[in-house]
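Residue numbers (the numbering used here), protein chains in the order written: chain A, 9 to 359; chain B, 9 to 359.
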């Protein structure tokens with residue numbers, strides 16, 4: 009592994025690849041001095057795009073991939089036919105120790121399957137989870153996981169998610185004891201289905217002493233009631249996309265209101281700098297870059313439909329995490345869990 | 009059943025009852041001439057509150073209830089111990105044919121259990137669903153169900169929800185063929201878990217010919233991609249509360265931005281009428297009033313934490329639905345489903 013930071017990029021993943029990917033790399037190359045990129049993709053196409061992108065050209069080398077994985081390919085297909093694709097090779101650069109992290113805007117299911125196959129989950133973790141950061145009223149960001157790596161999660165997986173999510177939040181924010189909540193339809197103990205009540209019990213009894221707040225509700229994401237919100241990938245994905253949709257809806261209503269008559273237009277013009285700051289604050293591109301947690305390698309997922317600045321934001325996440333100790337944090341938490349399970353087992357055997 | 013419209017009100021349900029309930033009734037009584045109210049609750053307390061609320065006093069009669077059901081009581085407890093409570097009696101007024109609809113801001117689980125026990129589900133409906141209306145970019149409102157009546161739903165229940173949700177939307181909006189979508193983590197056919205893919209197949213094959221759009225994602229709620237969004241009560245509750253939380257978050261960011269400096273304050277002042285319109289548009293009280301669909305009676309649920317105007321909005325929903333033919337709409341759809349099931353069965357028997 010080289011001393012400098014090396015990122016592996018799937019140049020062909022996403023709805024508007026490779027153009028927006030190269031745009032993102034160009035922005036990131038200007039911003040992060042000393043970061044180098046391995047661009048996996050169609051060689052001539054990527055070379056062409058680099059011609060007008062000097063910073064990216066200087067910081068990158070291209071590794072030719074013979075094909076790309078389409079956005080609608082099933083995970084199982086991706087595993088059977090994905091070898092030699094840009095996504096497969098991009099993950100491979102991390103598996104082979106050539107790169108510190110991989111970033112792709114490609115097919116989520118295929119990405120997850122290939123990353124699990126090539127990197128394996130960390131010892132003690134059942135399934136990886138996709139974690140996203142969401143802004144909150146308290147100012148800080150809330151980590152939400154799983155937002156779509158798995159469509160279902162049993163109680164044990166939810167406990168895993170709590171442990172890796174807490175370590176992830178600590179690594180990113182530096183907070184000593186991030187608080188953790190379990191997403192449910194009510195905050196009372198008897199609420200929700202059996203799986204989620206079992207998960208709450210297991211987290212409370214866990215050897216990894218988390219600052220566990222108990223159940224939280226959907227509106228607690230934006231309130232910032234806790235730092236880490238744990239849920240299954242089905243609910244998490246829908247909650248996150250609902251939040252994004254609502255933010256866009258309100259922004260649309262605001263635009264409409266401010267352009268509805270002459271006075272409102274004048275008012276908006278005068279308040280323009282403040283409104284622009286608000287726009288940046290609510291820009292979904294700024295929260296782009298979800299992370300597959302629980303793998304032996306750093307795997308960042310960009311929205312498939314993002315643009316250049318959005319892809320650059322996903323690269324930012326990869327840079328920040330690669331420079332943090334988040335995998336060590338997770339490994340320490342998981343090891344504590346495994347130790348206590350072993351202690352329990354020997355304790356039971358001795359009886 | 010009297011000719012005029014009669015609403016049964018649980019005066020004791022909700023975080024701030026009975027005050028906000030009486031505030032809501034006063035507003036509703038002024039707005040809806042000819043609507044009469046039966047107020048179930050603590051007699052002297054309600055009488056006291058009516059003293060300063062002339063319109064409500066004129067339009068109401070009080071039915072004394074000896075107790076109220078607390079917000080944290082389990083559904084099973086509510087059934088065992090709820091008899092004689094304001095919620096029990098309020099539902100009873102509909103069961104006994106004294107009132108056209110019941111409105112409560114009380115404990116959702118208890119409300120659902122008592123309403124099922126006293127009103128029973130409509131023939132052919134497995135479980136009721138709680139339906140809410142949500143604003144969308146297209147201008148119209150989107151019906152989302154189930155938003156919390158059940159914590160789980162199998163494929164057959166999801167089909168029920170599609171059928172009763174479509175009829176509900178048609179009754180409210182007058183649209184001839186509301187479009188229906190099934191909430192999922194992706195729009196492609198292979199996405200999601202088995203239950204939801206089975207539900208999609210069943211809806212497509214159903215004798216009730218719905219304008220079925222297939223799978224939709226979380227951001228499609230605000231986009232208004234379809235008129236009716238079907239999901240299980242766990243996911244729906246979390247999606248709706250996440251949307252509410254996000255709307256408040258953006259509103260908070262906007263307030264902050266507009267008060268950040270002198271120029272922005274001046275701009276906001278000039279644009280004030282437009283911004284006030286926006287505030288009304290995004291006021292969560294305006295979307296208060298979810299409906300338990302699939303029962304032999306009209307049952308409206310207000311947010312537990314609402315205020316007077318919010319409770320009045322829930323009463324508006326009850327008035328609108330009581331004057332519409334929504335239960336006939338649902339009954340017709342369900343009857344078509346039952347007829348075709350019978351035809352299928354006899355067809356199979358003949359082979």
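Ideal Cβ placement from N, Cα and C applies to all residues, glycine included. Quantities reported herein were computed from a predicted structural model and do not represent experimental measurements.
Scan the segment 55-86 of chain B and note each continuous beta strand (DSSP E) run of 3 residues or more that stays entirely inside, going in chain order.
68-72
Would you mind working out which of B/104, B/311 and B/159 sits nearest residue 293 of chain B, comparing C-alpha positions?
B/311
Give me the subset of the segment 205-233 of chain A whose CB atoms are less than 8 Å from a CB atom of chain B, sorted by chain position. 225, 226, 227, 228, 229, 230 and 231
**Message:** Could you tell me which whole alpha helix (DSSP H) segments of length 4 or greater appear in the segment 272-350 of chain B?
**Reply:** 280-290 and 316-331
Exercise. Alpha carbon to alpha carbon, what distance is there between residue 343 of chain B and residue 137 of chain A?
Worked result: Rounded to whole angstroms, residue 137 of chain A to residue 343 of chain B spans 44 Å at the Cα level.
### Task
Identify which residue in A/287, A/265 and A/247 has its Cα closest to the Cα of residue 265 of chain B.
A/287
Q) Just how far apart, CA to CA, sit residue 122 of chain A and residue 54 of chain A? A) 23 Å
| task | Note down, in chain order, every chain A residue with its Cβ under 8 Å from the Cβ of residue 181 of chain B. | result | Within chain A, no residue comes near residue 181 of chain B; the closest Cβ sits about 19 Å away, beyond 8 Å.
Open item on the list: Using a 10 Å radius around the Cβ and a threshold of 16 neighbouring Cβ atoms, would you call residue 41 of chain B buried or exposed?
Closed with: Residue 41 of chain B comes out exposed.
Exercise. Ordered along the chain, which non-local residues of its own chain (more than five positions away) have a Cβ less than 7 Å from that of residue 203 of chain B?
Worked result: 162 and 163
Give me whichever residues DSSP pairs with residue 190 of chain B in a beta bridge.
B/223 and B/238
Worksheet entry | Continuous alpha helix (DSSP H) stretch holding residue 95 of chain A: start and end | Counting along the chain, residue 95 of chain A sits inside the alpha helix (DSSP H) bounded by residues 94-103.
| task | Have a look at B/254, B/332, B/242 and B/253 and flag the residue whose alpha-carbon is nearest the alpha-carbon of residue 155 of chain B. | result | B/242
Between residue 338 of chain A and residue 175 of chain A, is the Cβ-Cβ spacing less than 9 Å? yes
Would residue 21 of chain A pass as an interface residue toward chain B - the criterion being a Cβ-Cβ separation below 9 Å? No, no contact with chain B.
- Message: Between residue 25 of chain B and residue 113 of chain B, how many whole angstroms is the CB-CB distance? I'm expecting something under 8 Å.
- Response: 6 Å
Output, in chain order, the set of chain B residues within a Cβ distance shorter than 9 Å of residue 201 of chain A.
-> 159, 160 and 242
- Query: Can you find a CB in chain A that lies within less than 9 Å of the CB of residue 187 of chain B?
  - Reply: no
For this session: Check whether the Cβ atoms of residue 275 of chain B and residue 283 of chain A sit closer than 9 Å, and answer yes or no.
Result: yes
| Separation of residue 333 of chain A from residue 68 of chain A, as counted between CA atoms | 25 Å
* Kindly indicate if chain A contains any beta-carbon less than 9 Å away from that of residue 251 of chain B. => yes
Closest Cα partner of residue 295 of chain A within the set A/148, A/60, A/135 and A/218: A/148
| Should residue 156 of chain B be flagged as near chain A, meaning a C-beta pair shorter than 9 Å? | yes
Quiz item: So is residue 239 of chain B buried or exposed if we call it buried at 16+ other beta carbons inside 10 Å?
Solution: By the 10 Å Cβ count, residue 239 of chain B comes out buried.
Self-check item: Proximity test, Cβ basis, 9 Å: residue 300 of chain A and chain B
Solution: no
Hey, residue 150 of chain A and residue 77 of chain A: beta-carbon distance below 9 Å or not? no
- For the segment 89-106 of chain B, enumerate the residues whose C-beta is nearer than 8 Å to any C-beta of chain A, in chain order. none
Requested in this report: Could you please tell me which residues of the segment 325-344 of chain B, in chain order, have their CB closer than 9 Å to any CB of chain A?
Outcome: none
*residue 127 of chain B vs residue 170 of chain B beta-carbon contact at 9 Å*: no
Q | Proximity of residue 302 of chain A and residue 172 of chain A at Cβ, strictly below 9 Å | A | Result yes, Cβ atoms of residue 302 of chain A and residue 172 of chain A sit closer than 9 Å.
| message | Using a Cβ-Cβ distance cut-off of 9 Å, determine whether residue 196 of chain B contacts chain A. | response | yes
Skipping 5 residues on each side, what residues in its chain have a beta carbon closer than 8 Å to that of residue 12 of chain A?
-> 42, 43 and 44
For residue 22 of chain A and residue 247 of chain A, what's the separation of their Cα atoms in angstroms?
22 Å
Check: When you compare only the Cα positions, how much space is there between residue 252 of chain B and residue 227 of chain A?
Finding: 6 Å
Review point. Once you ignore the five residues that flank residue 256 of chain A on each side, which residues in its own chain have a CB closer than 8 Å to its CB?
Key: Excluding five sequence positions before and after residue 256 of chain A, the CB atoms of its chain that fall closer than 8 Å to its own CB belong to 292, given in chain order.
Pairwise C-alpha distance: residue 340 of chain B and residue 359 of chain B = Reliability of the predicted coordinates at residue 359 of chain B is poor, the pLDDT of 43 falling under 50, and no value is obtained from them.
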